[in-house]
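Enquirer: Sharing a structure here in structure tokens format.
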Amino acid sequence: MPHSLKAVLLGKRLLTATSLALLTALPSVAYAFAPNSQTTTWAEASAKQNAKSQQWLMADGNDDDDDDKKNRNGNRNRRDRDDYKKREAWIDLNRAKNLARQAAESANGGIRYYRADASMHGPAQNCPYVDNGDSWTFTFAGNRVGSATRTIESVVTVYKNTSRILVAYNGPVRIIQQTQVTSFSTTQRTVLVDLLRGNCSCNNLLTSATRTQIVSQSRALPPGIQKQLLRGKGLPPGIAKKMVRLPKQVNSYINLPNSYDLFVVGSNVLLVNQVNYVVVDYISNVLL
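Just so you know, we're using my numbering here: the sequence shown kicks off at 7 and counts up by one.
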């Protein structure tokens, strides 16, 4: 066979082999460049999850944690409750009048058996009361249902900032005939001494704070000052500052007009006229 013919046949064979090799390799190349559906799905899911995480983080930056909300709401509710309690604790004159009347009704068997004076059912400004600063004291009469005669007297103190209600007296009507007192009666002296020594059934007329004040300043007055008191000359300013005023319910309990003040100074109880502020009488060595 001529040399040129061999060369032509060899070239054709090489071309055929090359074409076959290319055709065989194309699917692998195509598969290699084809997108993987599973890989794409995972990537999309991961991207979506990252987007959600970013969105949650952004929301977390603006919104409060549930615990923070609960704590803040709890603090606000607690403040609201405290404010309500403060408003509820403050007792005005009208409510105090009603509480005093109800205390007397309860002490006398209830409204089926007892009725307080009409002044305790009307406007608060018309009822018989004394403003003690931290409390209201009501002194009023009442009668048994079916009777027009008022035979029961009640003295009730209602405190303005607490729920404390004190029935200082509830019994037969007492008539104070004298408007000016010149001295303590024997009964008044006995009750006052027992009260300050803690031996009286009426010990609840004085709070523990008042008793603490009395004890902290208790000492006997010098004899010269005691003589001055008897002559109505009053007390030196330094001693007068230490006086402890007794609440008006003590006046009501011992049947003493409210126009007189009771003071404890040293170990003595002073009876002072509010009009001219003169010491009318005193009891010495009350505190042991």
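Using N, Cα and C, we set each Cβ at its ideal position, and we do this for glycine too.
#1: Can you find the residues in the same chain that come closer than 8 Å, C-beta to C-beta, to Ile-171, ignoring five residues on each side of it along the sequence?
#2: May I ask you to report which of helix, strand or coil DSSP gives Ser-214?
#3: Where do the N-terminal and C-terminal ends of the alpha helix (DSSP H) with Ser-112 fall, by residue?
#4: Return helix, strand or coil for Ser-141, following the three-state DSSP convention.
#5: Assuming the contact rule is C-beta atoms closer than 8 Å, Thr-143 and Asn-149 should be a hit. Round their C-beta distance to whole Å, please.
#6: In this structure, how does DSSP classify Val-292 when only helix, strand and coil are distinguished?
#7: Can you give me the C-alpha to C-alpha distance between Leu-276 and Ala-113, rounded to a whole angstrom?
#8: Compare the beta carbon distance of Asn-279 and Ser-290 with 8 Å and say whether it is the shorter of the two.
#9: The alpha helix (DSSP H) with Ala-122 in it runs from where to where?
#10: Kindly indicate the opening and closing residues of the alpha helix (DSSP H) around Ser-258.
#11: Count the other CB atoms, across all protein chains shown, that sit within 10 Å of the CB of Leu-63; report buried if there are 16 or more and exposed otherwise.
Expert: Reading off the structure:
#1: Excluding its 5 nearest sequence neighbours in each direction, Ile-171 has C-beta neighbours in its own chain below 8 Å: Leu-105, Ala-106, Ala-109, Val-162, Thr-163, Val-164, Tyr-165, listed in chain order.
#2: Reduced to three states, the DSSP call for Ser-214 is helix.
#3: It spans 99–113 - the alpha helix (DSSP H) in which Ser-112 sits, taken as one unbroken run.
#4: Residue state for Ser-141 is assigned as strand, using DSSP reduced to three classes.
#5: Actually they are not in contact, since the Cβ atoms of Thr-143 and Asn-149 sit about 21 Å apart, beyond 8 Å.
#6: Three-state result, Val-292: coil.
#7: Rounded to the nearest angstrom, the two C-alpha atoms are 32 Å apart.
#8: It is not a contact, given that the beta carbons lie outside the stated cut-off.
#9: In the DSSP assignment, Ala-122 falls outside any alpha helix (DSSP H) and within the unbroken beta strand (DSSP E) covering 120–122.
#10: Segment 254–259, the alpha helix (DSSP H) holding Ser-258.
#11: Any reading at Leu-63 must be qualified, since the residue scores a pLDDT of 32, below 50, and its modelled position is unreliable; no value is offered.
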